[in-house]
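So the structure is just underneath, and the comments pick up after that.
Residue numbers (full-length UniProt numbering), protein chains in the order written: chain H, 1 to 188; chain P, 1 to 188.
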């Protein structure tokens, strides 16, 4: 095995997903993931802390994109327009591989520990949006409320996208969910 | 010690909160909680699975009240009006003891495991509201979206209430947060 491993991280992710689907998450070991990818366990641990983190590898990218999008929104943008910019950025990261996203979702849904990890991820995304809004001068509780509502929209839109056909555009579903929230709150 | 223990559960909760505040959550043992309450560890375990669950003892009541409130909302009520009824019911459960709620919140905030448990609780409240809405004939994704948005409002309102003076009415702050969400979404 050469010391230089082209896209070792991507190969490990692919191998892990295959094994999680074939054997179940609990039954899969790091050694098996590395072997399937044609790599060593040592290489695995250079890329991921444990097998759970393979499923959350894109969280850091997602967090950065959300924060950047809130920061880059025009100064004149309303609070919710800045949140929507963040959700568009999230949709660009998440809305790519429909089948992989479905597999990941079904693996996570079947395991309590992974569901908890997913909740923590969503909470950190909400916190990142709220922080970005505060840097734009939005006070609390408005910043927290807009961020939490935004993540509620993202979560529901993402699950709706997963349950539908592969060719749907996640950003469009996010926008529809936002419009639906607007309609729902208008009836109070 | 008599076999009949008046309000053993309440005494254990009180003792646990005192010790968590005095010594920290991690440093407190079940034996110490029971001793402080003048009870045995055996009695403790008749009421709580472990020391963590002392902090989440009211979750089941909260869940029931939310579900009942959605169910009892008039058939003519809009989706969000039914959600607001659920949040009013939650405010009635949560909005009582301000100082105890603050202590509980600060104990939970300081511990990653407890923060995770709190996220799971919030997710289960959202699921209970969504289930109640589906039983009212609200389809998905509207049911999930309304429930998630409702929990976002409850969470932000609750934290805002905790950070303010003790004599504020939680139900009123929930209503204000709802109005704020309506204003925020109207600017998209």
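Think of the CB as a built atom: it goes at the ideal place given N, C-alpha and C, for glycine as much as any other residue.
Spatial distance of residue i from residue j (CA atoms)
{"i": "residue 125 of chain P", "j": "residue 27 of chain P", "result": "30 Å"}
{"i": "residue 171 of chain H", "j": "residue 77 of chain H", "result": "19 Å"}
{"i": "residue 106 of chain H", "j": "residue 94 of chain H", "result": "15 Å"}
{"i": "residue 43 of chain P", "j": "residue 132 of chain H", "result": "48 Å"}
{"i": "residue 112 of chain H", "j": "residue 127 of chain P", "result": "15 Å"}
{"i": "residue 91 of chain P", "j": "residue 39 of chain P", "result": "32 Å"}
{"i": "residue 6 of chain P", "j": "residue 57 of chain P", "result": "17 Å"}
{"i": "residue 13 of chain P", "j": "residue 102 of chain P", "result": "15 Å"}
{"i": "residue 9 of chain P", "j": "residue 53 of chain P", "result": "12 Å"}
{"i": "residue 70 of chain H", "j": "residue 122 of chain P", "result": "26 Å"}
Coarse secondary structure for residue i, derived from DSSP in three states
{"i": "residue 174 of chain P", "result": "helix"}
{"i": "residue 186 of chain P", "result": "helix"}
{"i": "residue 1 of chain P", "result": "Reliability fails at residue 1 of chain P, whose pLDDT of 47 lies under 50, so the model's placement of it is uncertain and the value that follows must be treated cautiously. Correct three-state label for residue 1 of chain P: coil."}
{"i": "residue 134 of chain P", "result": "helix"}
{"i": "residue 179 of chain H", "result": "helix"}
{"i": "residue 150 of chain P", "result": "helix"}
{"i": "residue 166 of chain H", "result": "coil"}
{"i": "residue 139 of chain H", "result": "coil"}
Local Cβ density within 10 Å of residue i, reported as buried at 16 or more and exposed below that
{"i": "residue 45 of chain H", "result": "exposed"}
{"i": "residue 142 of chain H", "result": "buried"}
{"i": "residue 61 of chain P", "result": "exposed"}
{"i": "residue 180 of chain H", "result": "buried"}
{"i": "residue 65 of chain P", "result": "buried"}
{"i": "residue 163 of chain H", "result": "exposed"}
{"i": "residue 186 of chain H", "result": "exposed"}
{"i": "residue 79 of chain H", "result": "buried"}
{"i": "residue 99 of chain P", "result": "exposed"}
{"i": "residue 137 of chain H", "result": "exposed"}
Residues near residue i in its chain [Cβ-Cβ closer than 7 Å; skip 5 each side]
{"i": "residue 108 of chain P", "result": "55, 114, 115, 118"}
{"i": "residue 144 of chain H", "result": "130"}
{"i": "residue 153 of chain H", "result": "87, 174, 177, 178, 181"}
{"i": "residue 47 of chain P", "result": "8, 9, 12"}
{"i": "residue 155 of chain P", "result": "122"}
{"i": "residue 63 of chain H", "result": "124, 125, 128"}
Interface residues of chain A facing residue i [CB-CB closer than 9 Å]
{"i": "residue 178 of chain P", "result": "The structure shown contains no chain A; its protein chains are H and P."}
Proximal residues to residue i (C-beta, below 6 Å), its chain only, five neighbours per side dropped
{"i": "residue 15 of chain H", "result": "33, 36, 37"}
{"i": "residue 21 of chain P", "result": "103"}
{"i": "residue 166 of chain P", "result": "98"}
{"i": "residue 157 of chain P", "result": "173, 174, 177"}
{"i": "residue 188 of chain P", "result": "none"}
Spatial neighbours of residue i in its chain, beta-carbon cut-off 8 Å, leaving aside the 5 residues before and after
{"i": "residue 30 of chain H", "result": "41, 44, 45, 50, 51"}
{"i": "residue 19 of chain H", "result": "28, 32, 33, 36"}
Task: Runs of alpha helix (DSSP H) lying entirely within the region 7-88 of chain H, each at least 4 residues, in chain order - done: 8-23, 30-36, 41-47, 51-54, 59-72
TODO: Would you mind listing the alpha helix (DSSP H) stretches within the region 92-128 of chain P that are 4+ residues and don't spill past its ends, in chain order?
DONE: 98-109
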